[in-house]
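Residue numbering for the sequence shown is 1 to 160, as defined by full-length UniProt numbering. Every residue gets a Cβ at the ideal spot worked out from N, C-alpha and C, and that includes glycine. All of these numbers come straight from a predicted model, not from anything done at the bench. I have placed the structure first, in the form of structure tokens, so that the comments after it can refer back to it.
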Amino acid sequence: MSDHKDVRAILVHAARDEARREGSRTIEAEHVLLALAAFEDSAAARLLADAGLTEDAIRTALEQEWEQSLAVAGVAVRAGLLPEATPDRERDPQIGESTKLMLRRAMDAEPKRARFGPMRVLVGLLATDRGRVARALEAAGVDRAALHAKATEALAAGTA
Numbered sequence: 001m002s003d004h005k006d007v008r009a010i011l012v013h014a015a016r017d018e019a020r021r022e023g024s025r026t027i028e029a030e031h032v033l034l035a036l037a038a039f040e041d042s043a044a045a046r047l048l049a050d051a052g053l054t055e056d057a058i059r060t061a062l063e064q065e066w067e068q069s070l071a072v073a074g075v076a077v078r079a080g081l082l083p084e085a086t087p088d089r090e091r092d093p094q095i096g097e098s099t100k101l102m103l104r105r106a107m108d109a110e111p112k113r114a115r116f117g118p119m120r121v122l123v124g125l126l127a128t129d130r131g132r133v134a135r136a137l138e139a140a141g142v143d144r145a146a147l148h149a150k151a152t153e154a155l156a157a158g159t160a
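Put into structure tokens, the structure is as follows:
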């Protein structure tokens, strides 16, 4: 599969499906992370899995992040006790701000002439210590900086 199709499959199809699944109006970085983890034939998904970040583990980490964020605001809630989101299959989620920022970071990553494939998307996702993805990785006990270094090294070595 070409890089263009890889990225299109991740960003346009799979991440949009993740956003629809949770009833979101926008495709955010966490949706891209879930989509990337599901893209099992990619080196980026294998790198995530090696760090313990399977789709299920990421969903659990995102729930933990949500609970922790609400707790900071003084709201005690358990994600598993709330009703599931109502998927809206007719909704057409648009690219959200966190995804736009992730894409900018991915495009700025060295080497600039490297292919824009799943590994570059992963580098963009891991390139910040702020936001929901970074907090979820912390909740999961994953060393985001070390994982970013591995992804950056793989990208530099030519892994798409």
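Query, Result
"On the three-state DSSP scale, how would you describe T99?", "helix"
"Quick check: what's the CA-CA separation for V72 versus A35?", "28 angstroms"
"Rounding to the nearest angstrom, what Cα-Cα distance links S42 and R78 in this structure?", "33 angstroms"
"Contact between the region 83-97 and the region 113-125 is defined here as three or more beta-carbon pairs at a separation below 8 angstroms; is this criterion met?", "no"
"Note down the Cα distance separating E138 from R144, rounded to an integer number of angstroms.", "7 angstroms"
"Taking all protein chains shown into account, decide if H13 is buried (16 or more other Cβ within 10 angstroms of its Cβ) or exposed.", "exposed"
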